[in-house]
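Report on the following structure.
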Amino acid sequence: MENNAIIETRNLSFSIGKTQILKDVSLTVPQGSFYGFLGPNGAGKTTLIRVLLNLFNAGSNKVFLFGEDVTQNRVKTLRRLGRFVEQPSLYGHLTGAENLAIAQRYYGVASSRVDEVLNLVGMTEYRNRKVKAYSLGMRQRIAIGQALIHDPELLILDEPTNGLDPNGIREIRELLVSLNKDYGKTIFISSHMLSEIEKMCTHVGVIHHGRVLYQGVIENLPVMAESQLEIKVQDIQRALTVLKRQGMEGNYSHNSTITLPVENEQQIASVNRFLVEDGIAVFGLTIHQNNLEDIFISLTNDNQ
Amino acid sequence: MIKELSISIRTEMLKYKRTYALALVTLAPLLIAGMITTIYFFKADKLVKPGTNGIAGMLDGSINSSSTMLFTFYLILLTILIHQVEHRAHSLKDLLSYPVSYFSTYTSKWIVSLILVGLSLVLYIAFSLMGIGILSIKHPDLIWFDAGVFMFFVKQVGLVSVASLMLMGIQFLIALRWSNAIVAFGVGVVGFMTAIILLQGWEYVHYHPYATGVLSYMSTIGRVKVATSQYLIFNIIGVICLYIGGYFMWCKRRIV
């Protein structure tokens, strides 16, 4: 096991009935990371989170939290993490403060934490309003508050921004980024919203049909490191020949444009120099960086 | 473990604040005692022979209707309402991912359910006593407090409750397992109806958990020859078995 892994699964497979949901999943989440767990609906994200929380028992020596086997140390490991699974599960007849008080009692922390957490998630004003009168965004905040009530080292969040409006998504994102950067919390967040993961996470794991296709730091994603340079020139054929002579394989795109994979800015400067020195008029150079969406589609299509 | 269980019980109690379950616990005994009191308030002169104390007839009327039907349906409804608090919030997944042992979360639910039933019975006895007080003022020559009769009534309430423990346990587990209230209600109604039919003469009806409540009441007034203790022992053993079986179900449960 990696020394600093806060979550680790080892060749984890899990079935519900005859359907195999997780296939040989080996996941490593480093301490202090903001880990985005990406996958389309039905890929196995929620099942994995339920296995991590021991809501589904996958057997011993498969899932380790804080270096300890979850099935052997259920209560001990659960005490050190906060969780949000799928949707806010709150008691509608109770107020927001009372819902937090339930979590506060189960975690055995001081009742003053309720007010602190209400303040942290921006719900102090609505503390005495019944949850059934809350908007979805307010419920999400209280549910995230429940996860934070005991100041855990690790947060496991299953699609916490689901159903929120753009403002709500931004606020939750800022809160989570601050928890990770300012308070050193490790955050494991599942989502199918690629743009969100891209904005928040330091690490990413991609799951599809129950298999992990990639995991690691975002920048090291195979296609992420690679950008496409779009070169607009006067004479396409000559430009392609010049680039080929320099060992670069460009593709004719459209509108007198050549696309060329590049890895860094130096390479872009060299391309420009080669073309200009050969007397080719360069009208424009545009860098198109692959975003997570491109990568995700590329990875999942490769594994269809 | 005791500390953890005590925290679980206190937390569980908080969940029932402002719920229908808590309303039922207070209103059901008030309704039954209130109705009997109202009947005797207006009709005592027709129901009680002059010169006799109507308290025995009044309390017997109350426990008779309660034990034969109302208490059964009360337990069916109460166990459903208790577990609906969790089912409606979809919070079982949260409950089982708190750092609390399965034993504490499960046992606290049993204990809180028993506390609610116990509270209801205490209120039933208290409201009945209040009814006697009101009637003894309105009809001092027909109804007056008799400690012996009242204690016999309290004993009957206790016996019927213990003899209904297995019924409560069955309903408790079904309502816990299935979030659809219709399932628990349907099983309860079927259990009650079969009990009523089998009471007409089936020789093994004494082992029907939905019949033992009313049978224990009947035994206290001599209408059944089987000793009351048999119903009590049967129910206590039965509910312990249900508790243990339910615990394994709780530990193995997959929250989908």
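Chains H and Y are the protein sequences, given in the same order. Okay, so the first sequence: first residue is 0 according to numbering that gives the first Met the number 0, each after it adds one. Okay, so the second sequence: first residue is 0 according to numbering that gives the first Met the number 0, each after it adds one. Just so it is clear, CB atoms sit at the ideal spot from N, CA and C, and this is done for glycine as well.
At a cut-off of 7 Å between C-beta atoms, residue 178 of chain Y does not count as an interface residue with respect to chain H. Proximity to residue 210 of chain Y across Y:72, Y:183 and Y:118 peaks at Y:72, based on C-alpha coordinates. At a cut-off of 7 Å, the C-beta of residue 10 of chain Y has a neighbouring C-beta in chain H. Looking at the DSSP output, residue 34 of chain H bridges to H:187 and H:202.
Your pair residue 254 of chain Y and residue 180 of chain Y does not check out as a contact, with CB atoms roughly 18 Å apart and the cut at 8 Å. The beta carbon of residue 18 of chain Y sits closer than 7 Å to some beta carbon of chain H. By alpha-carbon distance to residue 27 of chain H, the top candidate from H:53, H:42, H:190 and H:203 is H:203.
Per DSSP, reduced to three states, the secondary structure at residue 285 of chain H is strand. Boundaries of the alpha helix (DSSP H) harbouring residue 246 of chain Y: 227–251, taken from the DSSP string. For the region 146–171 of chain H, the set of residues with a beta-carbon nearer than 7 Å to any beta-carbon of chain Y is empty. With contacts defined as CB atoms closer than 7 Å, residue 66 of chain Y and residue 216 of chain Y qualify as a contacting pair.
Taking residue 106 of chain Y as the centre and dropping the five residues before and after it, the same chain places the C-beta of 4 closer than 7 Å to its C-beta, in chain order.
Each residue's CA atom was taken as its position, placing residue 235 of chain Y and residue 208 of chain Y some 11 Å apart. Residue pairing by DSSP places residue 82 of chain H opposite H:155 in a beta bridge.
Taking C-beta atoms as the reference points, residue 99 of chain H and residue 116 of chain H count as a pair closer than 7 Å. Excluding sequence positions up to five before and after residue 153 of chain Y, its CB lies within less than 8 Å of the CB of 124, all in the same chain and listed in chain order. Near chain H, meaning a CB-to-CB distance below 9 Å, the residues of the region 75–98 of chain Y are 84, 85, 87, 88, 89, 90, 91, 92, 93, 94, 95, 96, 97 and 98. Pairing residue 115 of chain Y with residue 136 of chain Y, the inter-Cα distance amounts to about 32 Å. With contact defined as three or more Cβ pairs closer than 8 Å, the region 144–152 of chain Y and the region 222–230 of chain Y are not in contact. Of the candidates H:231, H:234 and H:266, H:266 places its Cα closest to the Cα of residue 247 of chain H.
Positions of the beta strand (DSSP E) runs, each at least 3 residues long and wholly inside the region 42–109 of chain H, are given as 62–64 and 80–83 in order along the chain. Here the region 201–215 of chain H lies against the region 24–38 of chain H, with 3 or more beta-carbon pairs under 8 Å apart.
Secondary structure of residue 120 of chain H (DSSP, three-state): coil. Distance from the Cα of residue 76 of chain Y is smallest, within the candidate group Y:249, Y:8, Y:228 and Y:22, for Y:22.
Against chain Y, a Cβ distance below 8 Å from residue 91 of chain H picks out 87 and 88. Close to chain Y, meaning a Cβ-Cβ distance shorter than 9 Å, are the following residues of the region 106–123 of chain H: 106 and 107.
A check of alpha carbon separations from residue 95 of chain Y across H:108, H:83, H:23 and H:268 identifies H:83 as the nearest. With respect to the 7 Å criterion, residue 189 of chain H and residue 157 of chain H are classified as neighbours on the basis of their beta carbons.
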